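Chemist: Just so we're aligned: the sequence shown equals residues 380 to 662 in the numbering used here. The C-beta atom is built at its ideal place from N, Cα and C for all residues, glycine as well. Keep in mind the model is a prediction, meaning the values are calculated, not measured. Sharing a structure, written as structure tokens. Questions coming.
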Amino acid sequence: MSVARHDAGLEADLRALLSQVHPVFMLPPIAASLFGGVLAGAFDPRLAGIHALAIFAAVYTAHVKDGYVDFYSRGEDDDHPMSEWGCRAALVGSTTIVFACLVALALLVDAVAALVTLPCWLIGYHHAPQLDTNPITTTTGYPAGIALALVGGFYVQATTFAPVALAFGAVFLVLLSGVKVIDDMQDYEYDLSIEKRTVAVSLGPDRAMSLAYGLMLTALMLVLALAALGPFPPSSVVAVLAFAVVAGFARRADPEIATMLLVRGCYVFLAVLVAAVWWQPLV
């Protein structure tokens, strides 16, 4: 049986499998996992690699399942590069990788390390058709996965849930939920036609836009508050300023361009936070 839907052969199958690797959306969860490890202080590259691989496989599961449901179940997409059998085989493969990593984490760290990582796969596998039909879970699924990746990456290294890790997880949950609202606005007309209840469909574009930037502003204010109170290093303020500049440009753009800017702004935000935590230049 062929993995690829249109062509046959090993090369075609590999292309079909790689088609579900979307770096723009895969890099942030992996980076969050590694950032959590950096935040813990002591950093074991082997444990960090296992956790990051589990996160990658969980997100890959989400992409394959989403494409499978949208094309083969809902008929929403016009085409899909993977055959129905290929989608199922890929889901089995990615899920096997996730659970192999969970077993490794349980053996090398403890059972909690595996349990805190498991929800990332649960969110990915159930994104479609369960979680993407509700405006709340549609919006928070991906951000929650990133927050959990960060907290899990921290726990794998430190075997504890420190307030600073939970605070960073909360910041990313709120910030990325705002970005996700903007991202979903790209498909507003289509989602409205099929009665898919995204935030934009439920509230209307204008109110959804206000909510999105309100969430992002709340996350940035939370970073400033935590930097002032002590859990975050003072240099975290630079990350807030960097993202605020990007958000200012995004506010004037259409949803497609705004999403591109905001996702890349999140990369900058995370990179500056890594530098702030690792080197603490203003301390």
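1) Mind checking Phe628: buried by the 16 CB within 10 Å criterion, or exposed?
2) For a quick check, are the C-beta atoms of Gly415 and Val543 less than 8 Å apart?
3) In this structure, how does DSSP classify Met380 when only helix, strand and coil are distinguished?
4) Specify, as a first and last residue, the run of the alpha helix (DSSP H) that His505 falls within.
5) Taking the alpha helix (DSSP H) that Tyr534 falls in, what are its first and last residues?
6) Here's the rule: buried if 16 or more other CB atoms are within 10 angstroms of the residue's CB, otherwise exposed. What is Ser452?
7) DSSP beta-bridge partners for Met461?
8) Would you decide whether Val495 is buried or exposed? Buried here means 16 or more other CB atoms lie within 10 Å of its CB.
9) For the candidate residues Phe478, Asp392, Val403, Ala410, whose alpha-carbon lies nearest to that of Phe533?
10) Is the beta carbon of Ala383 sitting closer than 8 Å to the one on Asp449?
11) Helix, strand or coil for Arg394, going by three-state DSSP, please let me know.
12) Check each candidate in Thr577, Phe547, Cys480, Asp456 and name the one with the smallest Cα separation from Ala436.
13) From which residue to which residue does the alpha helix (DSSP H) around Leu510 run?
14) Is Gln399 helix, strand or coil by DSSP?
15) Span of the alpha helix (DSSP H) holding Asp585?
16) State the Cα-Cα distance for the pair Tyr592 and Gly557, rounded to the nearest angstrom.
17) To the nearest angstrom, how far is the alpha carbon of Thr518 from that of Leu594?
18) May I ask you to report which of helix, strand or coil DSSP gives Lys575?
19) Which of helix, strand or coil does DSSP assign to Glu568?
20) Considering Cα atoms alone, identify which of Asp562, Val488, Ala650 is closest to Ala632.
21) Can you name the start and end residues of the alpha helix (DSSP H) that Phe422 belongs to?
22) Below 8 Å, can you find three or more Cβ-Cβ pairs linking the segment 468-486 to the segment 418-438?
23) Let me know if Val662 comes out buried or exposed under the rule of 16 or more other beta-carbons within 10 Å of its beta-carbon.
24) Skipping 5 residues on each side, what residues in its chain have a beta carbon closer than 7 Å to that of Ala655?
25) Could you say which of Val651, Ala546, Val417 lies nearest to Ala623 if we only look at CA atoms?
26) With H, G and I counted as helix, E and B as strand and the rest as coil, what does DSSP make of Arg643?
27) Roughly how many angstroms lie between the CA atoms of Gly524 and Asp423, to the nearest whole one?
28) Look at the alpha carbon of Leu418 and the alpha carbon of Asp458, and state the distance between them as a whole number of angstroms.
29) Taking the alpha carbon of Val602 as the reference point, which residue from Ala421, Arg630, Glu568, Leu545 has its own alpha carbon closest?
Modeler: Short version:
1) To locate residue 628, count along the sequence shown from 1; it is residue 249. Exposed is the call here.
2) As a first step, residue 415 is located in the sequence shown; it is residue number 36 there, counting from the start. As a first step, residue 543 is located in the sequence shown; it is residue number 164 there, counting from the start. For Gly415 and Val543, no; Cβs fall outside 8 Å.
3) Counting from one through the sequence shown, the residue named residue 380 turns up at place 1. If DSSP states are grouped into helix, strand and coil, Met380 belongs with coil.
4) Locating residue 505 in the sequence shown gives position 126, where the first residue counts as 1. Taken as a continuous stretch (DSSP letters only), the alpha helix (DSSP H) holding His505 covers 490-505.
5) Numbered from 1 along the sequence shown, position 155 holds the residue referred to as residue 534. Its alpha helix (DSSP H) spans residues 514-537.
6) Indexing the sequence shown from 1 puts residue 452 at position 73. The residue in question, Ser452, is exposed, as its Cβ has fewer than 16 Cβ neighbours within 10 Å.
7) Locating residue 461 in the sequence shown gives position 82, where the first residue counts as 1. DSSP, once it has assigned bridges, lists Ala383 as partnering Met461.
8) The residue given as residue 495 occupies position 116 in the sequence shown. When all chains shown are included, Val495 counts as buried.
9) The sequence position of residue 533 within the sequence shown is 154, counting from 1. It is Ala410 whose Cα lies nearest to the Cα of Phe533.
10) As a working note, residue 383 is residue 4 in the sequence shown. As a working note, residue 449 is residue 70 in the sequence shown. In this structure, Asp449 does not lie closer than 8 Å to Ala383 by Cβ.
11) As a working mapping, residue 394 is identified with position 15 in the sequence shown. Of the three classes helix, strand and coil, the one that applies to Arg394 here is helix, per DSSP.
12) Mapped onto the sequence shown, residue 436 falls at position 57. Taking only the C-alpha atoms, the option nearest Ala436 is Cys480.
13) In the sequence shown, residue 510 corresponds to position 131, counting from 1. Segment: none, Leu510 is in no alpha helix (DSSP H) and carries neither H nor E.
14) Looking up residue 399 in the sequence shown gives position 20. Gln399: coil per DSSP, three-state reduction.
15) Here residue 585 refers to the residue found at position 206 of the sequence shown. 584-608 is the extent of the alpha helix (DSSP H) around Asp585.
16) On the sequence shown, residue 592 is found 213 positions in, with the first residue counted as 1. On the sequence shown, residue 557 is found 178 positions in, with the first residue counted as 1. Each residue's Cα considered, the two are about 6 Å apart.
17) For the purposes of this step, residue 518 is identified with residue 139 of the sequence shown, where counting begins at 1. For the purposes of this step, residue 594 is identified with residue 215 of the sequence shown, where counting begins at 1. The straight-line gap from Cα to Cα measures roughly 12 Å.
18) Counting from 1 along the sequence shown, the entry for residue 575 is found at position 196. Three-state DSSP puts Lys575 in coil, outside helix and strand.
19) As a first step, residue 568 must be located in the sequence shown, where it is residue number 189. Helix at Glu568.
20) Within the sequence shown, the letter at position 253 stands for residue 632. The shortest Cα separation from Ala632 among Asp562, Val488, Ala650 belongs to Asp562.
21) Position 43 of the sequence shown, counted from the first residue, corresponds to residue 422. Run containing Phe422: none; DSSP gives neither H nor E here.
22) yes
23) Sequence index remark: in the sequence shown, residue 662 carries index 283 (1-based). At Val662 the pLDDT is 46, less than 50, meaning the model places this residue with poor confidence and gives no usable figure here.
24) The count along the sequence shown starts at 1 and reaches residue 655 at position 276. Contacts found: Pro612, Ser614, Ser615, Val617, Ala618.
25) Taking the sequence shown and counting its residues from 1, one reaches residue 623 at position 244. When each option's Cα is compared against that of Ala623, the closest is Val651.
26) Position 264 of the sequence shown, counted from the first residue, corresponds to residue 643. If DSSP states are grouped into helix, strand and coil, Arg643 belongs with the helices.
27) As a first step, residue 524 is located in the sequence shown; it is residue number 145 there, counting from the start. As a first step, residue 423 is located in the sequence shown; it is residue number 44 there, counting from the start. So the two alpha carbons sit approximately 22 Å from each other.
28) Position 39 of the sequence shown, counted from the start, is the residue given in the question as residue 418. Position 79 of the sequence shown, counted from the start, is the residue given in the question as residue 458. Taking the straight line joining both Cα atoms gives about 42 Å.
29) Reading the sequence shown from its first residue, position 223 is the one you call residue 602. That would be Leu545, whose Cα lies nearest to the Cα of Val602.
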